Structures are given as structure tokens and as C-alpha cells.
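Colleague:
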Amino acid sequence: MTEQTPEFVAFAYDASDQKVISQVVEKNWPSAAVHSGGVAEAVALLNKGQTPHALLVDFSKSPDPEQDAKKLRELAPSTTLIGVGATNDVVLFRKLLAAGVADYLIKPLHVESLQQSIISAAHFSAGEEKKSGVADLIVIIGARGGVGASTLAVNAAWVLSEEYRYSVALADLDIHYGSSALALDIEPSPGLREALKNPSRIDSLFVTSALVKASERLYVMGSEEPIDDEIVPDPAAISLLLNEMRGRFQYVIVDLPRNLLPIFDAVIPEATKVFVVSDVSLSGIRDTVRLLSKIKQINKKSDIRLVANRLIDTPTGITVKDFERGTDSKIDFTIPDDIKIAVASNAGKTVSAMSCGAMSSPSKALLVIREICQTIAGKAAAAKKKQNMTSIMGLLGKKQ
Ligand SMILES: Nc1ncnc2c1ncn2[C@@H]1O[C@H](COP(=O)(O)OP(=O)(O)O)[C@@H](O)[C@H]1O
Ligand SMILES: [Mg+2]
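The opening residue of the sequence shown carries number 628 in our numbering; numbering runs sequentially from there.
In C-alpha cells:
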């Protein structure tokens, strides 16, 4: 891309569409250029050797949109193309996709659908470039507050990075009350806030500088912004951010607050697995039902695993069976209430890190967290981990 080419260029005929485009893209790409025109003007731009990252083109006056799309693709193979048109025709839509257009929107444009289309388009191009190198995205959501979702996110990230030796990024999206930094005894990073306020800065260099190192292979992006500082997360910004992280790590773990519904659309469809954490209680049943239905509504095919946390032996009136009946879902993992979790967390450590030293007997909760990590990493990785552990133990001259 030449110096002068904006990252996003749009050519649309109608003033109302231009206005919507400006509204959506100005937040993300301050250098975006929105012009009046269509295919001919876009071709002229590309012929000048200017290739933006993304190009939106109004095909409504094109006699042969499919041919024109192919032509634009040839001129700028690495540019993400978004088509706009007046014809609501599924055959044309499919032809345009086959010609290399990432999405096709019908006029008049609307802010929400255009925003969604830009998010998907970002994944479209990233997916093409890094098919094999993209990290798995593991999303962890608590059905209610205080059920241990962040505890699971931090501990799973630790186990995957320290025991499996994967490179892991933990994104704690709770901007005001994030607890990852605290749980790992590291400084919170201003990166998340900066990314949300200024999404045009999000590139791999920015991501590198905004992540805080928690251990050799574990990096964290988490903030503790002042609670009266209102920050409305931008789905497109979160999407870009996660995309960048996925290009640099083997696993990206997202601690997703349940109240951040506006960004669910950007995160859920991309998730490799979604872990829903709840306590076994009446309100847990109600909120799990609501959360599961929202996730399925966003992506029917989501691979959801249900985790019941903080189980105690004393009867509380609601059993695991009641919970499963009430939610019409099977619980995949049950983590016991374990004082060692609380002790480790108050010491700014994970229970896995602690069990190597100060703790004599293994934490029961950690055993289940390890099972969860095995599900995340798969069987082959578990075998590899066992080998790692065996050789470490061998080096230490210890029996397992
Ligand atoms: N299995 C467990 N046993 C004991 N305490 C736990 C367990 N899981 C979480 N906790 C404690 O519960 C509290 C809330 O956990 P947190 O992970 O912050 O919840 P959430 O992110 O869902 O709001 C923390 O003090 C944490 O140490
Ligand atoms: Mg939390």
C-alpha cells in the first residue's frame, strides 16, 4: 500500500449511503475515504497502484457485477472487497462471493448491517491468509457474576501455557472490573482501553506492546479503568483485536462478561469453544438458560460446554440433576468448591503455580481445570504434555 492510500476506501452513489459508511468507518479508520462513484472509479483508483486494505464498491450501475467483481479482485488480490447493490438476488449474491467479494449488502445501507459486514470481512481476509496459523479462540462466560468464570479463564490459560507449553494470550474484556491482572500479580495494561478508543491503531505492533507478560508463554490484556469512565466497547474493534492476537498465539482465551452483549456478535461466531460457567442454584438455572439461548441464537453451531463451579457437599435444595433438568442441558464439568482456589487467587497466583510449591496435596478444582484444558487442547496435546511433564520430572529426579 502506498503512503497516501487510506486503509478503507468506499465508492457509493447515494449521499445517504455515503453518510452511513462514514459513520461506521470513521471510528475505526480515521483515514477512511468515502467517495461518490462505483466500479469505474474503484478501477481507476486501483489502476493508480493504490490498494487499500478494504474497498467498498457500489455495483448498482454495473451491467455485469460478477465480471466487475472479478476485475477488481485481479487488480487488488489482497484487498477485502465489500459489494453494495440495489438487487436483492441470491444468485447474484453467490456469484459475487465466488468472484471473491467478502460480502454483498443491499441498499439503502444501515449502520448495524454494515458494521457486521465489516467485522465478517475482516475475518474473511484473515482466514484466507492464516488458515493453519490462527489460534483457537476459547470463550469463557459466567452465567452470573461471581460464579468463577474469571478464575477458570486465568487458571486454564496458566495450565495451557505452563503445563502444555503453548503460547497463550488471555483477553479479559471486563474493562472496569477485570481481575486477571490481579489474579496473576501483574500490572493491568492500558492496551484494551486504547484499542477501544482508537481502533485504527490495532495492528500486531500495538498488540505486542499492549500485552503484559505473566510468564514465559502467557500474555495478558486486562484493564482496571476508573468505574465512572464510560467506555462503550466497539464490536469491530474487539474483532480486530482478537484477530491480531490469534495471529500471534496458539490459544486466545477470552474472559467475556455476560453483560457485554453488543460484542457477543463479534466474539461468539468465531469461538472454537464456549465455556458457560454457573453455580448450581435457582438463579444459575434461569441465567444459564437465557445465556445458552442467546449464544445459540448468534451461532447455532457453537461448541458449548457447561461448567458447574463451586459445588459443595452440603445439600442446598438444588442438585446437579435439577440443574440439568432445568436448563435442559448436560453439565460437562463440575468443579468443587475448593479453598485452594481462593488461597491461590489471594496470593496473586494460579492454583497450578501454587500446587508446585506451597500446597502439599493437589487441588481438586485443579484436576477438573486440567480436564477442561485437555478438552481445549485435544488428546494428542495431552499426550505431548505428559511427555513434557515426564521429562521435567526426570530432570528433577522425581517420581510421578
Ligand atoms: N471452585 C472454587 N472454589 C472456591 N472459590 C472459588 C472457586 N471458583 C471461584 N472461586 C472464588 O470465587 C470468587 C469469584 O470468582 P470470579 O472468578 O471472580 O467470578 P466471575 O468472574 O464469574 O465473576 C473469587 O474470589 C474466586 O477466588
Ligand atoms: Mg469475572
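Quick reminder that beta carbons are idealized off the backbone N, C-alpha and C, glycines included.
Bear in mind that the values here come from a model prediction, so they are computed numbers and not experimental data.
Measure the alpha-carbon distance for G710 versus V684 and round it to whole angstroms.
Modeller: As a working mapping, residue 710 is identified with position 83 in the sequence shown. As a working mapping, residue 684 is identified with position 57 in the sequence shown. Cα to Cα, the separation comes out at about 5 Å.
Colleague: If you drop the 5 nearest sequence neighbours on each side, which residues of the same chain put their C-beta closer than 8 Å to that of K646?
Modeller: As a position in the sequence shown, residue 646 is number 19, starting the count at 1. Excluding residues within five positions, none has a Cβ falling inside 8 Å.
Colleague: Hey, would you say the C-beta of G772 is under 8 Å away from at least one heavy atom of ligand 1?
Modeller: Mapped onto the sequence shown, residue 772 falls at position 145. Yes; taking the cut-off as 8 Å, the Cβ of G772 has a heavy atom of ligand 1 nearer than that.
Colleague: From what residue to what residue does the alpha helix (DSSP H) around T915 run?
Modeller: Indexing the sequence shown from 1 puts residue 915 at position 288. Per DSSP, T915 belongs to the alpha helix (DSSP H) from L909 to I925.
Colleague: Round the Cβ separation of V670 and L702 to the nearest angstrom and send it over; I've been treating them as touching at under 8 Å.
Modeller: Residue numbering aside, residue 670 sits at position 43 when the sequence shown is read from its first letter. Residue numbering aside, residue 702 sits at position 75 when the sequence shown is read from its first letter. Going by Cβ atoms, the distance from V670 to L702 rounds to 7 Å, so yes, they are a contact pair.
Colleague: Grab the span of the beta strand (DSSP E) containing V603 for me, first residue to last.
Modeller: Nothing about residue 603 can be read from this structure; the chain reaches only from 628 to 1027.
Colleague: Can you find the residues in the same chain that come closer than 8 Å, C-beta to C-beta, to L779, ignoring five residues on each side of it along the sequence?
Modeller: Within the sequence shown, residue 779 is the residue found at index 152, counting from 1. The residues are I767, F902, V904, V934, N936, I962, I996 and I999.
Colleague: Can you grab the Cα-Cα spacing for the pair R885 / I895, in whole Å?
Modeller: Walking along the sequence shown from the start, residue 885 turns up at place 258. Walking along the sequence shown from the start, residue 895 turns up at place 268. Distance between the alpha carbons of R885 and I895 is about 12 Å.
Colleague: Taking 7 Å as the limit between beta carbons, can you name the residues of its chain near F569, skipping five residues before and five after?
Modeller: The structure shown does not extend to residue 569, since the chain spans only 628 to 1027, so no value can be given for it.
Colleague: What is the DSSP secondary structure of T706, reduced to helix, strand or coil?
Modeller: The count along the sequence shown starts at 1 and reaches residue 706 at position 79. Under the three-state reduction of DSSP, T706 is assigned to coil, being neither helix nor strand.
Colleague: For G664, which residues in the same chain have their Cβ closer than 6 Å to its Cβ, ignoring the five residues on either side in sequence?
Modeller: Position 37 of the sequence shown, counting from 1, holds the residue named residue 664. Around G664: F638.
Colleague: How many angstroms separate the CA atom of S956 from the CA atom of I745?
Modeller: For the purposes of this step, residue 956 is identified with residue 329 of the sequence shown, where counting begins at 1. For the purposes of this step, residue 745 is identified with residue 118 of the sequence shown, where counting begins at 1. Computed Cα separation, rounded: 34 Å.
Colleague: List the DSSP bridge partners of M848.
Modeller: Along the sequence shown, one-based indexing puts residue 848 at 221. Note: M848 sits in a beta bridge opposite A798.
Colleague: For A713, I'd like the list of residues in its chain whose CB is within less than 8 Å of its CB, leaving aside the five on either flank, ordered along the chain.
Modeller: As a working note, residue 713 is residue 86 in the sequence shown. Excluding positions up to five away in sequence, the list reads S687, I733 and K734.
Colleague: Could you check whether the Cβ of L779 sits closer than 8 Å to any heavy atom belonging to ligand 1?
Modeller: In the sequence shown, counting from the first residue as 1, residue 779 sits at position 152. Answer for L779: yes, Cβ within range of ligand 1.
Colleague: Starting from the Cα of T946, find the closest Cα among D641, D965, K923 and V907 and give me that residue.
Modeller: The residue given as residue 946 occupies position 319 in the sequence shown. It is V907 whose Cα lies nearest to the Cα of T946.
Colleague: Please indicate yes or no: does the CB of V904 lie closer than 8 Å to some heavy atom of ligand 1?
Modeller: Position 277 of the sequence shown, counting from 1, holds the residue named residue 904. Within the cutoff, so yes.
Colleague: Assign K976 to buried or exposed, taking buried as 16 or more other Cβ atoms, counted over all protein chains shown, within 10 Å of its Cβ.
Modeller: Locating residue 976 in the sequence shown gives position 349, where the first residue counts as 1. K976 is buried by the Cβ-count criterion.
Colleague: For a quick check, are the C-beta atoms of A969 and N926 less than 9 Å apart?
Modeller: Locating residue 969 in the sequence shown gives position 342, counting from the first residue. Locating residue 926 in the sequence shown gives position 299, counting from the first residue. With a cutoff of 9 Å on beta-carbon distance, A969 and N926 are scored as not near each other.
Colleague: Under 8 Å: does the beta carbon of V878 sit that close to some heavy atom of ligand 2?
Modeller: On the sequence shown, position 251 is the one that residue 878 refers to. It is Tyr, not Val, that sits at residue 878 in the sequence shown. Outside the cutoff, so no.
Colleague: Kindly indicate which residue of Y878, D914 and A837 has the alpha-carbon position closest to the one of A1004.
Modeller: Position 377 of the sequence shown holds residue 1004. The residue with the shortest Cα to Cα distance from A1004 is Y878.
Colleague: Cα-Cα, which of V774, A762, P826 and P817 is closest to A796?
Modeller: In the sequence shown, counting from the first residue as 1, residue 796 sits at position 169. For A796, the nearest C-alpha among the options comes from A762.
Colleague: Applying the 10 Å Cβ sphere with the 16-neighbour rule, what's the burial state of P862?
Modeller: Position 235 of the sequence shown, counted from the start, is the residue given in the question as residue 862. With 16 or more other Cβ atoms within 10 Å, it is buried.
Colleague: What does K815 pair with, by DSSP beta-bridge criteria?
Modeller: As a working note, residue 815 is residue 188 in the sequence shown. The question names Lys, but residue 815 in the sequence shown is Pro. None; P815 has no bridge partner.
Colleague: E634: which of L673, S929, P860 and Y640 sits nearest, CA to CA?
Modeller: The residue labelled residue 634 in the question sits at position 7 within the sequence shown. Considering only alpha carbons, the answer is L673.
Colleague: Using a Cβ-Cβ cutoff of less than 7 Å, which residues in the same chain neighbour A776 once the five nearest sequence positions on both sides are dropped?
Modeller: For the purposes of this step, residue 776 is taken as the residue at position 149 of the sequence shown. Closer than 7 Å at the Cβ level, and outside the excluded window around A776, lie I767, I768, G769, D882 and V904.
Colleague: Let me know if A725 comes out buried or exposed under the rule of 16 or more other beta-carbons within 10 Å of its beta-carbon.
Modeller: Locating residue 725 in the sequence shown gives position 98, counting from the first residue. Exposed.
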